[in-house]
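So the structure is just underneath, and the comments pick up after that.
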Amino acid sequence: MSRVKKGLDKEDHKQDAVKSPNALSSGLTRRKFLSLSMLAGCAAIGLPAKAHAINEFKGWPGSYGMLTDLSACVGCRSCEKACNEENNMPSPERSFDDGSVFNEQRWPSAKALTVVNRYNNPGDSSGPVYRKIQCNHCLEPACATACPIHAYTKTAEGAVTYNPDLCFGCRYCVIACPFNMPAYDYESAFEPKIIKCFFCYERIKEGKLTACADACPAGALTFGRRKDILKLARKRINDNPKKYIDHIYGENEVGGTSWLYISSVPFEQLGFPTNLPSKPLIELSRGYLSTVPVIFTTFPAIFGMLYALTRHRDKESEEGHNQHKEVDNE
Ligand code: SF4
Ligand code: SF4
Ligand code: SF4
1493 MSRVKKGLDK EDHKQDAVKS PNALSSGLTR RKFLSLSMLA GCAAIGLPAK AHAINEFKGW
1553 PGSYGMLTDL SACVGCRSCE KACNEENNMP SPERSFDDGS VFNEQRWPSA KALTVVNRYN
1613 NPGDSSGPVY RKIQCNHCLE PACATACPIH AYTKTAEGAV TYNPDLCFGC RYCVIACPFN
1673 MPAYDYESAF EPKIIKCFFC YERIKEGKLT ACADACPAGA LTFGRRKDIL KLARKRINDN
1733 PKKYIDHIYG ENEVGGTSWL YISSVPFEQL GFPTNLPSKP LIELSRGYLS TVPVIFTTFP
1793 AIFGMLYALT RHRDKESEEG HNQHKEVDNE
């Protein structure tokens, strides 16, 4: 197989080459970096930042992202295997080269941080479409907003991480996530544990690719700065308008996600929730966050709003699954 590129380099974005996460803060003055850190710090300990401050936070400008080009994925599951090994997960019941897993629609769980599903594509003789699924690392994550103890952190690198030492197992994050991603490890009942993709945070801090992107032999996964990933995605669509749907999934959904997708098949046919708001869920509850002194007292109200906003996601997801079953049965 010919060499495929897995990370962006100078050829892809001449002015903004991605070489090391250490360069992340290069576009920030120390003062600005510190003020952003203070804002994050306030959130981390449950203190309200000044009422205006939260409205000024524009995200992390140099954060990383991943482009999944669904038209390139061949369903080899090398990414699943690499993720399993990188995270010291137990071996799966069926081996990674067992194609029978594609007979059902799987979802990330306490046993697998990412899975690849197959979707039949009746209108196209080129064969089925494969979709890799994992946490999308939202720019303003609802999981972090919902967590009353601030066990989640949106890092400057883009990864949404989680501190199991803080978690007390309420599972509000599981319900709040618009993509249904955090999995609860029921086998550790006395040690609450949420499991999801953490964007290989330790690796990307060291300037490495994520394990899944490193393992992908087909060029379906490209890692780089999110802004450059977006340019690459737009270029592919513009250069091949007949091949791709004119939509970068994750560019705007719930305020944007670090993990982005392009596809030759409409996203709704692949089980993506397609009626999400373009504003982050946190923004829709921002009035509460910026005007009350103690977040714990208002948390039920915020959580209620998040729940109402995400409830339709489950309905749509259910409809999507039923639709896939129908397609698969054809
Ligand atoms: S996809 Fe869900 S779990 Fe992942 S960052 Fe977004 S809200 Fe959190
Ligand atoms: S980024 Fe890392 S943790 Fe996430 S799916 Fe890829 S290999 Fe797994
Ligand atoms: S390794 Fe790449 S080609 Fe193989 S299933 Fe994963 S994303 Fe698709």
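FYI, in this note's numbering the residues of the sequence shown are 1493 to 1822. Beta carbons: idealized from backbone N, C-alpha and C, even for Gly.
Between the beta-carbon of Ile1696 and that of Ala1651 there is about 7 angstroms, and that keeps the pair under the 8 angstroms contact cut. Taking a C-beta distance under 8 angstroms as the contact criterion, Pro1620 and Asn1613 qualify as a contact pair.
Listed by position along the chain, the residues with Cβ atoms less than 6 angstroms from a non-hydrogen atom of ligand 3 are Cys1565, Val1566, Gly1567, Cys1568, Arg1569, Ser1570, Cys1571, Val1608, Tyr1622, Lys1624, Ala1707, Cys1708, Ala1710, Ala1712 and Leu1713. Lys1498 sits buried, since 16 or more C-beta atoms from the chains shown fall within 10 Å of its C-beta. Look at Arg1718 here: in three-state DSSP terms it is helix.
For ligand 1, no non-hydrogen atom lies closer than 7 angstroms to the CB of Asn1579.
Annotation: Lys1697 is outside any beta strand (DSSP E); the continuous alpha helix (DSSP H) that includes it extends over Tyr1693 to Lys1697. Fewer than three pairs of CB atoms, one per stretch, sit closer than 8 angstroms, so the segment 1576-1588 makes no contact with the segment 1666-1682. Thr1560 and Val1607 have their C-alpha atoms roughly 13 angstroms apart.
Shown here for Thr1749: same chain residues with a beta carbon closer than 7 angstroms to its own, the five before and five after excluded, namely Asn1628, His1629, Cys1630, Leu1631 and Gly1742 in chain order. Ranked by Cα distance from Ala1643, the options Ala1634, Phe1715 and Pro1656 are led by Pro1656. Note that the C-beta distance between Ala1703 and Cys1575 is below 8 angstroms.
With a cut-off of 7 angstroms, the C-beta of Leu1605 is classified as near ligand 2, since at least one heavy atom of the ligand falls inside that distance.
A Cβ-Cβ separation of about 16 angstroms leaves Ile1737 out of contact with Leu1722 under the 8 angstroms criterion. Going by C-alpha positions, Tyr1556 is about 32 angstroms away from Glu1596.
Annotation: Asp1706 is outside any beta strand (DSSP E); the continuous alpha helix (DSSP H) that includes it extends over Ala1703 to Ala1707. The beta carbon of Lys1624 sits closer than 7 angstroms to those of Thr1560, Cys1565, Cys1571, Thr1606 and Val1608, all from its chain and outside the five residues before and after it, given in chain order.
Residue side-chain check: Pro1670 places its Cβ nearer than 7 angstroms to a non-hydrogen atom of ligand 1. In the three-state scheme derived from DSSP, where H, G and I count as helix and E and B as strand, Gly1747 is classed as helix.
With a cut-off of 7 angstroms, the C-beta of Ala1643 is classified as distant from ligand 2, since no heavy atom of the ligand falls inside that distance. Take Ser1601, set aside five residues on each side of it, and the residues of its chain with a beta-carbon closer than 7 angstroms to its own are Ala1675, in chain order. For Thr1653, the uninterrupted beta strand (DSSP E) segment begins and ends at Val1652 to Tyr1654. Counting other Cβ atoms within 10 Å of its Cβ, Ile1641 stays below 16 and is therefore classed as exposed. Here Gly1567 is buried, its C-beta having at least 16 other C-beta atoms within 10 Å. Shortest gap from the CB of His1629 to any heavy atom of ligand 1: under 7 angstroms. Excluding residues up to 5 positions away in sequence, Ile1737 lie with their Cβ nearer than 7 angstroms to the Cβ of Pro1758 in the same chain. For Lys1646, the enclosing beta strand (DSSP E) covers residues Tyr1644 to Lys1646. Scanning its chain for C-beta atoms nearer than 7 angstroms, with the 5 sequence neighbours on each side dropped, one finds around Arg1610 the residues Gly1567, Phe1594, Pro1620 and Tyr1622, in chain order. Less than 8 angstroms separates the beta-carbon of Leu1752 from that of Ala1725.
Cα atoms of Gly1763 and Leu1562: separation of roughly 13 angstroms, rounded to the nearest angstrom.
A straight line joining the alpha-carbon of Ser1592 with that of Arg1569 spans about 12 angstroms. For Pro1600, the shortest C-beta to heavy atom distance toward ligand 1 is 7 angstroms or greater. The three-state reading of DSSP puts Ala1636 in helix, counting H, G and I together. When distances are taken from the beta-carbon of Pro1674 to the heavy atoms of ligand 1, the shortest one is below 7 angstroms.
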